[in-house]
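Here this note's numbering is used: the first residue of the sequence shown is 44, the next is one more, and so on. A virtual CB, placed ideally from N, CA and C, is assigned to each residue, including glycine.
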Amino acid sequence: MRLLTRINSPVCHLIIIFSLTFSLAPFCFRNLLYSPTFSRSLHLRRMSRAFLLQNMQDGTDALRFFKHKIGFSPLKYENKDNNSVPCNYKASVLHNSKAPTGSIPLVITIITTRRRPEYHYLLQVARGFLDRISECGNDCSDFQLFVCNVDSSPSSHEDACLLSQLLPSVTRNLNDEQQDNPPNQFEREKQDYAFCLSRTLETFSPEYVLLVEDDAVPKNDIFSAFFQLVQVRFPTKPLGGGLYVKFYHPERLQGYLNPEPMRILEWIGLGFLLGIILNWMYTKMFYQQRFSWCMFISFTVYSMLLAELFGRHYLLELRRMLPVLYNVVPTTECCTPAMLFSEASAHRTLVYLKETKCKSGYAKDTALYKELKRRGDWAWVIEPNMVTHVGLFSTLRDGYEEEPQLL
């Protein structure tokens, strides 16, 4: 009788719930890439290889798409299926690649340089945005895609040459001084970024600029996020007076256990909400008559731990159900695959970048973030991510590592 009473006690129930859940969680979540319980030894290499193979296929599909667009005939050239179009090729079909006149609400500028040629990162990104604009319909009909080729040898960047026959494009040509005394890689990247932003403003005078790197493929709801930001969240003052809105933050850094106050508050809030629900279910199932703070706090802690083990990234993905659920919070330091600027904030950004010198350990993302703090400015990040970062081969750090990993 005494044993039965102990088994039916709330304390015993909690011990059973916690023990079962956190014993099974590592097995249930071990194949989730961004879960703390992810098993690298079992899954990382396999998932990385599968990602690269799919990425290569997507690049080949994008190349075929653009070859068809320009009427490319491989008969005149020694051209394999996965090789881009030579830069001396002239399209058989004329396309209007001039900048349009009139007001432009948004210009999407793709900053590009040569990477691993078989993946055609630039073409993947360009096709992704063309598809998103087409799906968006009339609301996005005035959006403009702009290619900014910052390769040290622009005429060797065949994918950029191909797109220049279809889309407005610009190349950055280094002057004699820059060629004789080239800056370090990080300063060069910052200068390229500033050049592309500046030329976008000069060419189009848009209301907003979405500056994306050539390995940031847009998600299906990227323009839903844009309209949510400019029409609902910040309807009167562009970007709420902020310098920019980040459209991407590395998934591995999205967990709750990071030094971001807003995430801690979000984590506690989620725990409270689920704690209330679980406590209510418990009282109904076991016919408890009174509210118990002890049980509520226990279920709150249980929910918070379970959410962290599952992975905040996957909980953020649920917000895609409705644009109103998108999370807009103060920005974090890393990184710059996709950044939204208003016309006014883009000019401010150019001033910030001009007065900053980048180096190893102080890249452009860090420089912008530090300048925000120093000048009393602010910026935002929207969650979940609105682009997929497909480039596993970094032009700065990883070089041409033969077998890169997703983490």
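9 Å Cβ cutoff met for residue i and residue j
| i | j | result |
| --- | --- | --- |
| Tyr395 | Leu383 | no |
| Pro261 | Val150 | no |
| Cys191 | Ile154 | yes |
| Arg363 | Asp264 | yes |
| Lys407 | Asn227 | no |
| Val433 | Tyr291 | no |
| Met338 | Leu63 | no |
| Leu286 | Ser388 | yes |
| Glu426 | Val344 | no |
| Ser385 | Pro281 | yes |
| Phe189 | Thr152 | yes |
| Leu173 | Leu449 | no |
| Phe70 | Phe81 | no |
| Phe65 | Leu415 | no |
| Pro293 | Cys378 | yes |
| Cys183 | Phe266 | yes |
| Leu240 | Leu393 | yes |
| Pro129 | Gln271 | no |
| Ser91 | Leu435 | yes |
| Leu358 | Leu313 | yes |
| Tyr251 | Phe238 | no |
| Met99 | Asn125 | yes |
Bridge partners - residue i, DSSP secondary structure assignment
| i | result |
| --- | --- |
| Pro261 | Val430 |
| Gln187 | Val150 |
| Trp421 | DSSP output for Trp421 lists no bridge partner at all. |
| Asn370 | Glu426 |
| Asn192 | Thr155, Thr214 |
| Met382 | Leu254, Lys289 |
| Lys400 | Note: Lys400 sits in no beta bridge, so no partner. |
| Tyr405 | Lys402 |
Top-ranked residue by Cα proximity to residue i, from the options
| i | options | result |
| --- | --- | --- |
| Val255 | Pro380, Asn98, Leu95 | Pro380 |
| Thr214 | Asn227, Pro226, Tyr236, Met328 | Tyr236 |
| Leu368 | Thr374, Arg276, Ser341, Ala387 | Arg276 |
| Gln234 | Pro79, Arg333, Lys400, Gln297 | Lys400 |
| Lys397 | Asp185, Glu230, Arg170, Gly102 | Glu230 |
| Tyr33 | Trp323, Leu253, Val273, Leu349 | An answer regarding residue 33 cannot be provided, because it is not within the stretch 44 to 450 covered by the chain. |
| Lys289 | Val424, His200, Cys377, Trp310 | Val424 |
| Asn301 | Glu446, Gln187, Glu376 | Glu376 |
| Phe94 | Phe61, Leu76, His111 | Leu76 |
| Trp310 | Phe186, Phe238, Cys378, Met347 | Met347 |
| Ala422 | Glu446, Thr374, Pro447 | Thr374 |
| Asn216 | Gly284, Leu209, Leu210, Ser199 | Ser199 |
| Ala169 | Phe186, Glu201, Leu206 | Leu206 |
| Arg295 | Leu308, Leu209, Asn428 | Asn428 |
| Asp202 | Thr392, Phe269, Arg175, Asp258 | Asp258 |
| Val54 | Lys413, Ile340, Thr409, Leu359 | Ile340 |
| Asn11 | Pro148, Met328, Met305, His111 | Summary: the structure shown does not reach residue 11, with the chain confined to residues 44 through 450, and so no result is reported for it. |
| Ile1 | Phe342, Lys327, Glu178 | No answer is possible for residue 1: it lies beyond the span of the chain, which begins at 44 and ends at 450. |
| Leu244 | Arg391, Lys413, Gly404, His111 | Arg391 |
| Leu209 | Met328, Asn224, Gln187, Pro225 | Gln187 |
| Glu360 | Gly114, Gln297, Ala68 | Gln297 |
| Ile113 | Ser127, Gln100, Asp101 | Ser127 |
| Glu232 | Arg418, Gly419, Tyr405, Asp101 | Tyr405 |
| Asp420 | Glu303, Gln331, Arg306, Gly284 | Gly284 |
| Gln97 | Gln167, Pro211, Lys327, Arg417 | Gln167 |
| Val193 | Glu178, Asp185, Ser212 | Ser212 |
Meets three-Cβ-pair contact criterion under 8 Å: the stretch 103 to 117 and the stretch 153 to 171: yes
Beta strand (DSSP E) runs contained entirely in the stretch 202 to 287, provided each spans 3 or more residues: Counting whole runs of 3 or more residues, the stretch 202 to 287 contains the beta strand (DSSP E) stretches 212 to 214, 251 to 256, 259 to 261.
Ordered list of alpha helix (DSSP H) runs contained in the stretch 314 to 358, each at least 4 residues: 336 to 353
Continuous beta strand (DSSP E) assignments of at least 3 residues falling wholly in the stretch 87 to 114: none
Ranges of the alpha helix (DSSP H) found wholly within the stretch 51 to 85, counting only runs of at least 4: 53 to 71
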